[in-house]
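Below is one structure, written out as structure tokens; the observations come after it.
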Amino acid sequence: MYKIFSGFLSSRIMSTATKLGWISPEQKGFLPGVWGIQEHTHHFHTVIEQAKQSKREMSLPLPVELRRILSDIYSNNIMEFAVGDDYGRKYPTAGVRQGDPLSSVVFNLAAEPIIRTAKSHNTGFSAIQARVSTTAYADDIAIVGSSIRETQRTLNAIEDTATSLGLKFNPGKRTSLALINGKSVTDNPLKIGDAETRPLAEDEQEDYLETPLGARLTFRPTTTLLQNLIKVADSDLAPWQKLEVYRSCLLPSLSHHLASGRVEKGALFDLDVACRDFLRRIANVPTSSNTAFFYADRRVGVLGMLRDRRG
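Heads up, the final residue of the sequence shown is numbered 311 in the UniProt record's numbering, and it's a clean run with no missing numbers.
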């Protein structure tokens, strides 16, 4: 019953927040029908590419009745749990429960003051007649500036805002990329509070929304596809089941990297060869067979597999 009520409430709050502009357009986390990860990563690819080519610097009120209902949710609320022989009891007084439909919209609204502070203190970076200054996917927030000095001022401002809200930035997830004259520089690291961010060198990359980003835009995807191909091939599944696992589970595991970043063609070629060897083993196809047998349409009696190679 609680989750049903919470779901209705979440839907109405999200609708109102979107209509009244409570959530910035830069926030893409947990929003239905929004491909936020791909949008943000492609924004950064464009910004980094433009900075390298041009050699520029880059760097709610609640009604009384609703308050009463929300307060009632936590009145005399007890959570009991057991781990082995240990037993515990907790009395939650704030927050939302795990899997609560309200958690996503509350999360976005809580991060909104930080996003607005970043936008108001940062002119951003102009790339292909668009200006990119701040991106957010839930609490994964990134700042883009036209100079190191401007970006540092923005970081100082959002640190003050976060402190006033009782929030702290994770020291292990603070990374910066500074480009001057098309090259990455590491001798003037940005700071959040008293802690320096980790500057990325020319050949370094950092995962942002599970996509590697850095001065070098192309990357080899981190994937377990090769190991999983071996496991499936050695399993007791029937050949048609192995092919179905390949089509529906293994190959789609690459879709995020292909949609969000610039995967090296060499990496795709290697994966394509490994997939073809897997298919040849499962279908008992001789090595002398034409590769069209693997990729042509199944309606003509062949495997109809998607080719990993691009370009």
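We treat Cβ as the ideally placed atom computed from N, Cα and C, and that holds for glycine.
From a predicted model like this one, the values you see are computed outputs, not experimental measurements.
- The segment 109-121 makes contact with the segment 133-141: 3 or more CB pairs, one atom from each, lie closer than 8 Å.
- Three or more beta-carbon pairs separated by less than 8 Å are not found between the segment 167-177 and the segment 230-239, which leaves the two stretches without contact.
- Secondary structure at GLU204: coil, using DSSP grouped into helix, strand and coil.
- Contact fails between the segment 202-216 and the segment 241-249, because fewer than three Cβ pairs, one in each stretch, are under 8 Å apart.
- For VAL132, the pairing in a beta bridge is given by DSSP as PHE125.
- The beta carbon of MET305 is closer than 8 Å to those of TYR246, ARG247, LEU251, CYS275, LEU279, PHE294, TYR295 in its chain, skipping five residues each way along the sequence.
- SER24 sits in coil when the DSSP states are folded into three classes, being neither helix nor strand.
- ILE78 and GLN227 have their alpha carbons spaced roughly 45 Å apart.
- Below 8 Å, enough C-beta pairs join the segment 140-160 and the segment 121-130 to call them touching: three or more.
- Judged by DSSP in its simplified three-state form, LEU258 adopts helix.
- With three or more CB-CB distances shorter than 8 Å, the segment 14-34 counts as touching the segment 100-108.
- DSSP places MET14 in the helix class (H, G or I) of the three-state scheme.
- When the beta-carbon positions are compared, THR175 and ARG198 come within less than 8 Å of each other.
- A residue is called buried when at least 16 other Cβ atoms come within 10 angstroms of its Cβ; ASP272 meets this threshold and is buried.
- Comparing alpha-carbon positions, the option among ASP85, ILE180, SER104, LYS191 lying closest to ALA201 turns out to be ILE180.
- For TYR87, the enclosing beta strand (DSSP E) has its first and last residue at 86-90.
- Going by DSSP, LYS265 is part of the alpha helix (DSSP H) stretching over 265-283.
- In the three-state scheme derived from DSSP, where H, G and I count as helix and E and B as strand, LYS55 is classed as coil.
- Burial check for GLN205: the Cβ neighbour count within 10 Å reaches 16 or more, so the residue is buried.
- Rounded to the nearest whole angstrom, the CA to CA distance from ASP86 to ASN76 is 23 Å.
- Between ALA162 and the set ASP139, SER146, LYS183, THR16, the nearest pair of CA atoms involves ASP139.
- The Cβ neighbour count for ILE69, taken over all protein chains shown within 10 Å, is under 16; the residue is labelled exposed.
- Rounded to the nearest whole angstrom, the CA to CA distance from SER255 to ASP270 is 16 Å.
- In this structure, ILE192 sits away from LYS242, with a CB-CB distance that is not shorter than 8 Å.
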